[in-house]
Every structure is written in C-alpha cells, then in structure tokens.
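Structure first, then comments.
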Amino acid sequence: MTVSTLTIDLNALVANWRALDAKSNASVETAAVIKADGYGLGSGRVAKALCAAGVRRFFVAAAEEAIPVREAICDGAEICVFSGHGAGDTDLIRDLDLIPMLNSAAQLDRHLSALPHRGYGVQLDSGMNRLGMEPAEWAAVRSRAEAGDLRLVMSHLACADEPDHPMNAQQLACFTEMTSGVTVPRSLSATGGTLLGPDYHFDLVRPGVGLYGGLPFEDARPVVTVALPVIQIRDVAVGEAVGYGNAWVAERPSKIATVAAGYADGLHRMIGNGLNGATLNVFASGTACPVVGRVSMDLITVDITDLAEAPDQLEILNDQQQVDDLADIAGTIGYEILTSMGRRYQRQNIGG
Ligand SMILES: *Cc1c(COP(=O)(O)O)cnc(C)c1O
C-alpha cells in the first residue's frame with residue numbers, strides 16, 4: 027500500500043449526533059450539516075449512517091452538493107440548501123426535492139415564480155452580515171413569505187464557539203425579535219449554539235463539525251484516523267540533513283522513515299515547521315515519533331530512531347492526536363483540516 031488510508035468511524039459519528047441531540051429536549055429536532063462533502067469525509071456515507079440513526083433533515087451549502095446525498099438517504103428526509111435558490115438552481119431544487127433557505131427578497135421572488143408549490147425556508151441575518159435577510163428586508167417580504175409553503179426560519183451565530191461573547195445574546199435577541207409570531211420551526215444554532223443551552227435551541231439545531239469530532243464539541247468522539255504508509259527507511263549520520271532546504275540536521279545517528287502523504291493530502295506544509303516551536307508527532311502503535319524536516323507535496327519524513335521495530339505505517343490522526351491538535355500546530359481550525367484532506371486517500375469505514 028503506497029497511499030495513505032483515511033478511516034471514518036461511522037459509529038463514532040452517530041454517537042456524536044446522539045450526544046448533541048441529547049443536549050436539547052425531546053421536542054427540538056437535531057438535523058445534520060453535511061456541506062463540503064460531509065466536511066471532507068464523504069457526504070453520501072455520512073448522510074446514510076445518520077439517516078439510519080434517525081436524522082431527517084440535512085443541510086448542504088449548494089444545490090449541487092445534494093446530488094450524492096439524495097440517493098444515499100431514506101425516503102422523506104429533507105435536504106436544505108444554505109445558499110438558497112440561485113439563478114440556475116431551479117432544476118436541481120425541483121428534481122432532488124430540495125428546500126432552499128432563501129436569503130433575499132430576490133431569491134424569494136425567484137423561488138415563488140419558478141417553483142410556486144415547493145417548500146422553502148428563509149435565512150435571516152441577525153448580525154453576522156454574511157448571509158440572509160436583514161430586518162428591513164424581512165419586514166417587507168414577511169407576509170408574502172409566510173403565505174407560501176414556508177418550512178423553516180433560521181439564522182446563524184458568529185461567535186458561538188466563545189460562550190461568553192456578548193454577540194451571542196445580541197444575536198439571540200435579534201433573532202427572537204425578528205421571528206416573533208412566526209409559526210413555522212425556527213433554528214439559530216450550529217454545534218456551538220447547541221452547546222450554549224436551551225435558549226439557543228428553538229425548534230431545530232443543526233450541528234456540523236461536532237458530528238465529525240471537532241471543536242467546539244469537546245466531548246466528541248474522534249471520527250477520523252489517518253495512517254501513512256512507510257515507503258522507505260534510511261540511516262542518517264550526524265550532520266546530515268533531511269528534506270527540502272536542509273531544514274533538519276541529525277544531531278545523533280538517526281533512522282528516518284519516509285511516509286507517503288504530504289501537503290497535497292491536506293497535511294499543511296506549516297505542520298512540519300512546528301508553529302510556536304511545537305513538534306508534530308506521528309504514531310507507531312501508540313508511540314509518538316517526531317516529524318523532521320519539511321513536509322513535501324507527497325512525502326513526510328519522521329525520526330523513528332527510538333522505535334524498537336521498523337513500522338509499516340504511522341498515524342497522523344488517531345485517538346491520541348485529533349483534528350484540532352493538528353489544527354493548532356498548523357495555525358488553523360479543525361474544520362479546515364477536515365475539509366482539506368483531499369482525494370488521494372484510500373477511504374474506509376468502520377461501522378455504520
Ligand atoms: C456550516 C454551518 C453550520 C454548521 O456549523 P458547525 O459549526 O460546523 O456546527 C450551521 N449553519 C450554517 C448556516 C452553516 O453555514
């Protein structure tokens with residue numbers, strides 16, 4: 027095997043959904059966000075496992091993302107589209123029976139004229155200034171929106187991963203005011219808001235990253251394991267360098283393993299340089315081995331001098347080192363690690 031393997035624990039994914047579902051009371055629906063190909067893990071298989079566990083509403087970012095999802099999920103499950111009803115989206119919305127979250131008066135017009143009898147939601151801007159109708163626009167179209175097949179009114183929190191941030195209460199107040207008197211289900215929270223408590227739950231929560239084992243869901247079970255096959259091992263003498271730029275020089279006689287993955291596989295070049303002096307480790311059956319030298323496009327070099335036996339593979343993501351640990355070293359967030367893993371992995375599932 028000379029490509030790396032990315033293994034997804036579908037049982038852990040489902041357990042994370044159940045754990046997030048248990049944070050709200052029984053009358054609150056817990057949907058699942060599977061945009062960006064299920065945060066890079068494969069939206070079809072993720073949706074299939076979650077549907078079997080009882081999820082009945084999924085969210086994608088763009089209508090095209092629903093194609094592999096529709097055929098994977100149970101009959102009757104809904105697919106909602108955050109970007110709404112854009113020009114050119116009508117065929118997919120009709121054919122795949124999608125529920126667009128309409129973000130503007132123009133999108134509402136488009137939807138009502140193209141697909142007058144098809145359901146839709148409305149996305150409101152409660153202060154993030156990214157997507158959705160602002161208060162004045164909503165006030166102007168509200169009665170028309172409510173007269174049709176309106177299914178959901180939603181908004182999104184900008185700072186929910188910081189529980190003490192004043193923006194949370196501010197957006198909660200804004201959303202509450204904008205939706206006062208609305209009789210259809212309301213939704214404000216993703217993973218972070220789900221963890222902020224019942225005031226933020228309304229009728230439906232829509233976690234994404236927590237399902238996949240990422241912060242801010244601290245109690246998440248790890249979902250992803252990435253194992254890198256060792257393709258060569260060599261002895262390096264004191265004073266010899268390893269990799270591009272001679273960035274690492276052996277200070278003792280060393281054994282260096284070269285593994286088959288690199289920045290083209292989402293293992294950012296930054297992780298090899300050790301942000302803030304941090305060393306990235308990879309693991310041989312639980313034993314940490316430091317990455318040395320620069321991360322190349324397809325290769326990473328690892329100091330295995332202290333191992334008793336030559337390993338066949340080294341794990342870069344596992345229960346000991348999760349996506350947010352890797353993200354810290356790379357100076358990014360778990361979301362970006364997950365969604366940049368790339369296409370070269372051999373992908374496997376556990377459970378489901
Ligand atoms: C991505 C996204 C979510 C899910 O967010 P997580 O932080 O991954 O839980 C929910 N709602 C909207 C509008 C989003 O864009």
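For the sequence shown, counting from 1, position 54 maps to 80 in the working numbering; every step adds exactly one.
The beta carbon of each residue, even a glycine, is placed where N, CA and C say it ideally should be.
Only a predicted model underlies this, so the values are computations on that prediction, with no experimental measurement involved.
For the beta strand (DSSP E) assignment, the uninterrupted runs of no fewer than 3 residues enclosed by the segment 214 to 275 are, from N- to C-terminal side, 250 to 262. Taking the CA atoms as reference points, ILE93 sits about 23 Å from VAL231.
The beta carbon of CYS100 lies closer than 6 Å to those of CYS77 in the same chain, with the five residues before and after it left out. Contact annotation: ASP229 and SER30 have beta-carbon atoms that are not nearer than 8 Å. Within the model, the alpha-carbon separation for VAL252 versus LEU325 is close to 14 Å. Boundaries of the beta strand (DSSP E) around ILE34: 31 to 35.
Rounded to whole angstroms, ASP354 and GLU362 show a C-alpha spacing of 11 Å. Residue pairing of CYS315 in beta bridges, as defined by DSSP: VAL308.
Remark: the shortest separation between the CB of VAL235 and any heavy atom of ligand 1 falls under 7 Å.
Taken through DSSP and simplified to helix, strand or coil, ALA78 comes out as helix. Taking C-beta atoms as the reference points, SER152 and PHE201 count as a pair closer than 8 Å. Counting only the Cα atoms, VAL308 lies some 20 Å from PRO279. Non-local beta-carbon contacts of VAL81 in its own chain, meaning distances under 6 Å to residues more than five positions away in sequence, involve ALA58 in chain order.
LEU124 and THR33 have their C-alpha atoms roughly 30 Å apart. Sorting ASN51, GLY219 and GLU266 by C-alpha distance to the C-alpha of GLU188 places GLY219 at the top. In the same chain as ALA336, and ignoring 5 residues on each side of it, the C-beta atoms closer than 6 Å to its own belong to ILE259, in chain order.
One Cα belongs to LEU340, the other to ALA287, and the distance between them is close to 11 Å. The three-state reading of DSSP puts ALA98 in coil, since its state is none of H, G, I, E or B.
If you ignore the 5 residues before and after GLN348, its C-beta comes within less than 7 Å of the C-beta of GLY239 and PRO248, all in its own chain and listed in chain order.
For GLY298, the secondary structure class from DSSP, reduced to helix, strand or coil, is helix. Between LEU118 and VAL148, the gap from beta carbon to beta carbon reaches 8 Å or more. When rounded, the separation of the alpha-carbon atoms in ARG71 and ALA263 is 47 Å. Judged by DSSP secondary structure, SER280 falls within the beta strand (DSSP E) whose first and last residues are 280 to 285. Taking 4 residues as the shortest admissible run, the segment 124 to 148 contains the following complete alpha helix (DSSP H) segments, listed from N- to C-terminal end: 131 to 140. For ILE376 and LEU39, the gap between their C-alpha atoms comes out near 10 Å. Within the same chain, PRO316 come within 6 Å of THR305 by CB-CB distance, once the 5 residues on both sides are set aside.
Only exposed fits ASP338, as fewer than 16 other CB atoms lie within 10 angstroms of its CB. The three-state reading of DSSP puts THR327 in strand, counting E and B together. In this structure, the C-beta of VAL59 approaches ligand 1 to less than 7 Å from one of its heavy atoms. At a Cβ-Cβ threshold of 8 Å, ILE330 and VAL285 do not count as neighbours.
In terms of CA proximity to HIS111, LEU157 leads the group LEU157, GLY298 and SER69.
Of the candidates THR116, THR327 and ASN37, the residue whose Cα lies closest to the Cα of PRO255 is THR327. In terms of Cβ geometry, VAL208 and ARG177 do not form a close pair [threshold 8 Å]. Shown here for GLY378: same chain residues with a beta carbon closer than 6 Å to its own, the five before and five after excluded, namely LEU36 and ALA75 in chain order. The DSSP-derived three-state label of THR205 is coil.
If you check the C-beta of GLY319 against ligand 1, you find no heavy atom less than 7 Å away.
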